[in-house]
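There are 2 protein chains.
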Amino acid sequence: MLNKHAALDLTFQALADPARRSMLAQLTRGPTSVSRLAQPLEMSLPGVMQHLAVLESSGLVRSQKIGRVRTFRLEPRALSLAEQWINHRRIEWERHFDRLGEYLETLTRKGETHGDGE
Amino acid sequence: MLNKHAALDLTFQALADPARRSMLAQLTRGPTSVSRLAQPLEMSLPGVMQHLAVLESSGLVRSQKIGRVRTFRLEPRALSLAEQWINHRRIEWERHFDRLGEYLETLTRKGETHGDGE
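Structural data, given as structure tokens:
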């Protein structure tokens, strides 16, 4: 079991490639064989296999071989962890701006009060 | 202006490192100087600058030099694009499972109907 940091490293690394993102998009519609995953990509089969290996080692996909056909399926957990990480950063950032907005409002109100007194 | 694919490549690549993620987490709490960003990291200043260059070229952060102090701030747009990409994949995946669930339910109901007739 990878620790959370290492898991996020591998997941974001795996997501940093358009061919791998295209494969993941295809896999959201259900388990898919290697040959069908390769079809829309202008790439050699070893190239496709290499990308799938990166995806599998990141935990974003899992594969199963039945007879001579290897089928890949999406593992939503790794995707969720990556989504959560970004989501938490965005919420934290928005919170900071809310606090900043409140602070600026207080300053404006104080300014108005001082203005009234003058 | 980078195209969307290239922008996502750079963003996910930038996110695939714990030191860069830690810097981004710090920047969600507001603009920060290089020296303050470097403080919690056990890393040389050139190392820190290299990570910040990766973050800046991905569009996740922007920097500004006032006098001798360079300050970095988070650019939420790149983070949002990455979040959206993952979010859309998850929604697509959940939709697939909803449809699969409905299909299995139909099969079960059909089975029950056939069962009744026997």
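As you go down the protein sequences, you meet chains A and B in turn. Count the first sequence with this note's numbering and you get residues 1 to 118, in order. Count the second sequence with this note's numbering and you get residues 1 to 118, in order. In this text, a Cβ means the ideal position worked out from N, Cα and C, and glycines have one as well.
- With respect to the 8 Å criterion, Asp17(B) and His51(B) are classified as neighbours on the basis of their beta carbons.
- Annotation: Cβ neighbours of His5(B) in chain A (cutoff 7 Å, chain order): Pro18.
- Contact annotation: the region 79-94 of chain B touches the region 25-39 of chain A, with at least three C-beta pairs closer than 8 Å.
- Between Glu83(A) and Ile66(B), the CB-CB gap reaches or exceeds 8 Å.
- Under the three-state reduction of DSSP output, Thr32(A) falls in the strand class.
- Ala38(B) is classed as buried because its beta carbon has at least 16 other beta carbons within 10 Å across all chains shown.
- Between the region 32-48 of chain A and the region 68-83 of chain A, the count of Cβ pairs shorter than 8 Å is three or higher; the stretches touch.
- Note: Thr106(B) is not bridge-paired with any residue in the DSSP secondary-structure output.
- Against chain B, the CB of Leu8(A) has a partner CB under 8 Å away; the residue lies at that interface.
- The three-state reading of DSSP puts Ser58(A) in helix, counting H, G and I together.
- Flagged as an interface residue toward chain A: Thr28(B), by a C-beta distance shorter than 8 Å.
- Apart from sequence neighbours up to five positions away, the residues of its chain that approach Glu75(B) with a beta-carbon distance below 8 Å are Gly59, Leu60, Val61 and Arg62, ordered along the chain.
- Residue burial is scored here from C-beta neighbours: Leu55(B) has at least 16 other C-beta atoms within 10 angstroms and is therefore classed as buried.
- For Arg77(A), same chain residues with a beta-carbon under 8 Å away, outside a window of 5 residues either side, are Gly59 in chain order.
- For Arg21(B), the uninterrupted alpha helix (DSSP H) segment begins and ends at Pro18 to Leu27.
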